[in-house]
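First the structure, in the form of structure tokens, and then the observations on it.
Protein chains: 2
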Amino acid sequence: MTGLTPKGAATRARIVEGASAVIRDLGVAAATLDDIRAHTRTSKSQLFHYFPGGREELLLAVARFEAETVLRDQQPQLGNLTTWDGWTAWRDTVVERYRRQGRRCPLHVLTAHLGATSPGSQAVVTELMQHWQAEIATGVRHLHDAGEIDPRLDADTVAAAILAGIQGGVVIQMSTGSTRHLEAALDSALDHLRTSRLGASQLGASRSR
Amino acid sequence: MTGLTPKGAATRARIVEGASAVIRDLGVAAATLDDIRAHTRTSKSQLFHYFPGGREELLLAVARFEAETVLRDQQPQLGNLTTWDGWTAWRDTVVERYRRQGRRCPLHVLTAHLGATSPGSQAVVTELMQHWQAEIATGVRHLHDAGEIDPRLDADTVAAAILAGIQGGVVIQMSTGSTRHLEAALDSALDHLRTSRLGASQLGASRSR
DNA sequence: GCCGTTCTGGACTTGCAAGTCCAATTTTAT
DNA sequence: ATAAAATTGGACTTGCAAGTCCAGAACGGC
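Here the protein sequences line up with chains E and H, keeping their order. Take any residue in the first sequence, count from 1 to its spot, add 2: that is its number in the working numbering. Take any residue in the second sequence, count from 1 to its spot, add 2: that is its number in the working numbering.
See below:
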């Protein structure tokens, strides 16, 4: 696995990125190895050289690649959820990212396709979700520490709910083509956080720090 | 299309339901027409007799079938979102429904598969979402009219956010196998509604009832 | 009972996409 | 420089799944 010369590594990367593009265009089911081969200017033997497991292994590699992209596209805003301004900046980044992506979400399509056969893709998505949720939860704790939200809100649960809202917004966008649900989910979640303190203070909860 | 004798209609229904089961087991990609033929005790010619468009038309019919099931499984609770008790009963119904369904969501898998090639599946999902969201929005308006929530909350936006949370919870469940995110999304949304009135009253809104 | 229509069975064709193979070429190590 | 290892090209095989076809059975109106 590690025995890859720079040239080999470049070819491998070219294949993964090219496959990603082809899948974006044609969908997983329609994308054949020959399409990928043509689009990446490689040959059959190279495909199987770098991905001995064949098509499935290649698709899994593409899924990993897409998962990395998803998180990278949200930085640095995702790592900077320390103030309300930081939160709205992130919200806008996410919406814009998926607006640009349009109807087709390669990662969803890939995992829906692989999920049945290969357990590996579940692991890729699960890891992505854990990482993503952890970053959101960190942001919630910042608000928490700053006394900006109801201290009774559990950071992990809130983060899980926000993440679910995003995923659902994106999935719905795949059919409707609109980011309306994604925006509604994010805005509602932020409204929930913002207004939580008001209710808490009225109930006599302490407003720390 | 309408020229179907009872016997023919029964066979057609048997094919759709059988195909649904096969797809649930094997996934869309792996489910071949021969698998479906064997599982439904039919023949090739019947498949193409009832679905002249072949595999794709059959898959679309299955998607429609699954979409109907999704809504039916939530009734009558979904139509009864008039009180807080009604809302929590619905929340439990939804969670239980998806817990039973397990990791595999046939509708998501189908639409991810078809979405690329056939525009029809997008219509099926879009219609399902519209209907679903409309029912939720009606429930929100009930709370609204009863003065149970902040009157400034827009029913359609809130409903869109709740729907997104559900979809995302289900999608994440496909990878993790757990309904944790689905529950977090629903509970957070309900908490948002419940506590909204507190904030509103503090801001000078009337607290009715 | 007769005839047209609907429904059913299953063998057959066809096309294509995945995967194999081997030889040629380039890179890397010493 | 030279040999071993990594990389590349592309023709070839193979299997299988979608879709076609036609003949026969069951049904429905009159």
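Note that the Cβ used here is the ideal one computed from N, Cα and C, for glycine as well. Just so it is clear, the structure is predicted and the values come from calculations on it, not from any experiment.
Asked	Found
Secondary structure of E/PRO54, DSSP reduced to three states	coil
Distance between E/LEU109 and E/SER22 (C-alpha atoms, nearest Å)	10 Å
Separation of H/GLU58 from E/THR13, as counted between CA atoms	36 Å
Alpha carbon of E/ALA15 to alpha carbon of H/GLU68, nearest angstrom	39 Å
Chain-ordered chain H contacts of E/GLY141 [CB-CB under 8 Å]	Here the premise fails: no neighbours, minimum Cβ distance about 15 Å.
Closest by C-alpha distance to E/VAL72, when choosing among E/ARG102, E/LEU61 and E/SER47	E/ARG102
Supposed contact pair E/ASP152 and E/SER190 - C-beta distance, whole angstroms, cut 8 Å	At roughly 16 Å, the Cβ-Cβ gap does not stay under 8 Å, so E/SER190 and E/ASP152 are not in contact.
Residue range of the unbroken alpha helix (DSSP H) whose run includes E/GLN123	Strictly speaking, residue 123 of chain E in this sequence is Ser, with Gln absent from that position. Its alpha helix (DSSP H) spans residues 122-147.
Range covered by the alpha helix (DSSP H) that runs through H/GLN26	For clarity, residue 26 of chain H is Arg in the given sequence; the question names Gln instead. Element bounds for H/ARG26: 8-28.
Whole-angstrom distance between H/LEU61 and E/ALA218, CA atom to CA atom	Because chain E in this structure spans residues 3 to 211, residue 218 of chain E falls outside the shown range and cannot be described.
Inter-stretch contact at 8 Å, needing at least 3 Cβ pairs: the segment 125-142 of chain E / the segment 157-164 of chain E	yes
H/GLY179 beta carbon less than 9 Å from that of H/GLY104	yes
Residue from H/ILE17, H/VAL64 and H/SER47 whose Cα sits closest to the Cα of H/HIS41	H/ILE17
Cβ neighbour criterion (16 or more within 10 Å) applied to H/GLN132	exposed
Local conformation of E/MET3 per DSSP, three classes	The pLDDT assigned to E/MET3 is 42, lower than 50, so where the model puts this residue is not dependable; a value taken from the coordinates is nonetheless given after this. Looking at E/MET3 - three-state DSSP - the assignment turns out to be coil, as it is neither helix nor strand.
Opening and closing residue of the alpha helix (DSSP H) in which H/ASP37 lies	35-42
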